[in-house]
Amino acid sequence: MTIGKSSDREIPPSSVEPTDDAVQAADAPSIGRVLSASRIEAGLTVDQVSTATRVRVPIVHAIEEDDFDRCGGDFYARGHIRAISRAVGVDGEALVARYDAAHGGSPAAKRPATQLIDSGPIRVPSRGRPNWAAAMVAAIVAVVALIGFNLVSGKGGHGTTGTTGSASAPLPSGSGTGSVAPETPAVQPPAPAPSAAAIAAVPADKVTVKLVAQGTSWVSAMDGNGKSLFQNNISDGQDQTFTDPKQIKLVLGNGGAVHAYVNGKDLGVLGKDGQVVHVTYTPGDPQAG
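Going by the working numbering, the first residue of the sequence shown is number 49, and it counts up by one from there.
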């Protein structure tokens, strides 16, 4: 009798009889077995589940074997469980709840209460963040300034006065007659006539061409060897002189704005307003190329 009483006190009935929840947890299949069985019942392969959920095939296999370490953390494991559950037609939230119970609870349960209220110090926006509105305004101002500069420089001309040489300038837009040249004044002043001494000084064994601008025109000049002597605009009052033993070949963007003197002879303007003119001059009497 004494031994029986001692045995009852050492092993209480509550410590040996399992609860209903413990029995249900022990009898319930694991998360991986639920997902695997549901996939097979739905007639899906692991590759099809991977394609539908974008969860890689090795991770699907690992989850079906209850290996959640390959998921990369609890956050990704919950997401994978929900995605696979939707694909195979089971309750994903119930499986996520079971996962949280087995792995220490949900993120909200793990977070201290103070963290739920205090979100931390207010962050001041970085001063280094670009101000797109100011950048756009600056870009617009730069474009307007560039257009204004091009307009002013186009009217002022780029040629140097009185010196034969080469210079770079944009080619004329058209190669035949009828191209539109820069706008010229309605009333053009008469071109200054060369002095008698200058005409007498023209060498007889060379070709000498002097161009005097009565407006604005693009001018290209090449010597007898095809070398470029000049490529630029000349404007009202500017002049250029070219000399070569063989020939001078000219291309004018606006023939009506250029007055020519060839071998000391006044040939007048070389074309109409806006007309592109191609001419070639050699020693002796002027000849049209």
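Where a beta carbon is used, it is the ideal one built from N, C-alpha and C, also for glycine.
Pull up the DSSP beta-bridge partners for residue i, would you.
i, result
"Ile296", "Tyr329"
"Asp287", "Val260"
"Gly80", "According to DSSP, which records beta bridges pairwise, Gly80 is partnered with nothing at all."
"Phe278", "Ala269"
"Gly303", "Partner(s): none; Gly303 has no beta bridge."
"Lys313", "Val310"
"Val255", "Asp292"
In the DSSP assignment, the beta strand (DSSP E) including residue i goes from what residue to what residue?
i, result
"Ser268", "265-270"
"Ala308", "306-310"
"Asp321", "Careful: Asp321 lies outside any beta strand (DSSP E) and carries neither H nor E."
With distance defined between alpha-carbon atoms, name the residue in the options nearest to residue i.
i, options, result
"Thr308", "Gly322, Glu112, Tyr329", "One point to set straight first is that residue 308 is Ala, not Thr, in the sequence displayed. That would be Tyr329, whose Cα lies nearest to the Cα of Ala308."
"Ala85", "Ile132, Thr99, Arg126", "Ile132"
"Val103", "Arg126, Val255, Ile88", "Arg126"
"Ser98", "Asp115, Arg134, Ala76", "Arg134"
"Leu366", "Thr93, Ile111, Lys294", "There is simply no residue 366 to check, as the chain begins at 49 and stops at 337 in what is shown."
"Thr101", "Arg118, Glu89, Arg130", "Arg130"
"Ser276", "Asp287, Pro77, Val299, Val310", "Val299"
"Gly140", "Ser268, Val255, Leu83", "Leu83"
"Gly274", "Glu89, Glu113, Lys297, Val189", "Lys297"
"Val138", "Asn198, Ala187, Ile88", "Ile88"
At the level of alpha carbons, what is the spacing between residue i and residue j?
i, j, result
"Ala252", "Gly332", "7 Å"
"Asp292", "Trp266", "21 Å"
"Gly316", "Met270", "21 Å"
"Phe123", "Ala181", "39 Å"
"Asn281", "Leu194", "19 Å"
"Gly91", "Gly121", "29 Å"
"Thr208", "Gln286", "The predicted position of Thr208 is uncertain, since its pLDDT is 42 and thus under 50; a value taken from the coordinates is nonetheless stated next. One C-alpha to the other measures close to 8 Å."
"Ala150", "Asp114", "11 Å"
"Ala186", "His109", "57 Å"
"Ile188", "His128", "50 Å"
"Val327", "Val200", "30 Å"
"Leu259", "Val306", "6 Å"
"Val191", "Ala183", "12 Å"
"Asn364", "Gly301", "Here the chain has residues from 49 to 337 only, and residue 364 is not among them."
"Gly337", "Gly196", "Its pLDDT being 40, under 50, Gly337 is placed unreliably in this model, and the coordinates cannot settle the point."
Leaving out five residues before and five after residue i in sequence, what residues of the same chain have Cβ atoms less than 6 Å from its Cβ?
i, result
"Gly319", "Gly303, Gly304, Val325"
"Asp321", "Gly304"
"Pro60", "The pLDDT assigned to Pro60 is 43, lower than 50, so where the model puts this residue is not dependable; a value taken from the coordinates is nonetheless given after this. Here the set comprises nothing."
"Ile107", "Arg118"
Near residue i, what residues of its chain come up, given a Cβ to Cβ distance below 7 Å and the 5 sequence neighbours on each side ignored?
i, result
"Arg146", "Ile79"
"Gly339", "Only positions 49 to 337 of the chain appear in the structure, and residue 339 is not among them; the question remains open."
"Ala76", "none"
"Lys254", "Thr291, Asp292, Pro293, Pro331"
Taking the alpha helix (DSSP H) that residue i falls in, what are its first and last residues?
i, result
"Phe123", "122-136"
"Leu143", "140-150"
"Thr99", "94-101"
"Glu112", "105-112"
Please go through the same chain and pick out, in chain order, the residues whose beta-carbon is closer than 8 Å to the beta-carbon of residue i, but skip the five residues on each side of it.
i, result
"Val105", "Val94, Asp95, Ser98"
"Arg81", "Glu112, Asp114"
"Asp117", "Ala110"
"Asn179", "none"
Hey, would you say the C-beta of residue i is under 7 Å away from at least one heavy atom of the ligand ATP?
i, result
"Leu315", "What this structure holds is no ligand at all, so the ligand ATP is not there to describe."
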